[in-house]
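A.B. asks: Residues in the sequence shown are numbered consecutively from 5, following the working numbering. Can you keep this structure in mind? I'll have questions shortly.
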Amino acid sequence: MCSVDPDEITEMVHATGALDISRGDVLCRKCGESAAEVVLRVKDAYCRLCFLSYFVHKFRSTIGKSKQIHAGDRVLVATSGGASSTALLHMIREGLNENSHKKLRFDPAFLYID
């Protein structure tokens, strides 16, 4: 089994200049109210809700900017059931939700690959 000494993590955090959110004293950079739970790009700390909002926005903007998928297109999405596939399915479901801002307008079909 692999074991990690907490002192080694602290040394790595200080060496890279990354934010250390383990103590719970770092606030979310977006809302500034909740304790940070996720750090992106070494210095961008987000709480859970702001991170999910950021993640959904990035997903939708990437699909929109690529201009590969148009309204009404049928899209085959291959999934394996792993963490990445599950996250992708969640983002697609959220994007197709009637109440979502800038709803995705394609028709997905899913293929499970074992």
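Cβ coordinates follow ideal geometry from the N, Cα and C atoms, glycine included.
Which residues does DSSP pair with F114 in a beta bridge?
C.D. replies: DSSP, once it has assigned bridges, lists V81 as partnering F114.
A.B. asks: On the DSSP letters alone, give me the boundaries of the alpha helix (DSSP H) that A49 sits inside.
C.D. replies: Per DSSP, A49 belongs to no alpha helix (DSSP H); it is in the beta strand (DSSP E), 48 to 50.
A.B. asks: Rounded to whole angstroms, what's the CA-CA distance from R109 to T83? Just pull it up for me.
C.D. replies: 20 Å
A.B. asks: Which residues bound the beta strand (DSSP E) around L108?
C.D. replies: Note, L108: premise wrong, no beta strand (DSSP E); not H, not E.
A.B. asks: Tell me which residues share the same chain as V60 and place their Cβ nearer than 7 Å to its Cβ, disregarding the 5 neighbours each side in the sequence.
C.D. replies: M95, E98
A.B. asks: What is the rounded straight-line gap between the Cα of A113 and the Cα of V81?
C.D. replies: 6 Å
A.B. asks: Count the C-beta pairs between the stretch 45 to 56 and the stretch 29 to 37 that are closer than 8 Å, then say yes if the count reaches three, no if not.
C.D. replies: With contact defined as three or more Cβ pairs closer than 8 Å, the stretch 45 to 56 and the stretch 29 to 37 are in contact.
A.B. asks: Kindly indicate the opening and closing residues of the beta strand (DSSP E) around L44.
C.D. replies: 42 to 44
A.B. asks: Mind checking whether R78 and D111 have CB atoms under 8 Å apart?
C.D. replies: yes
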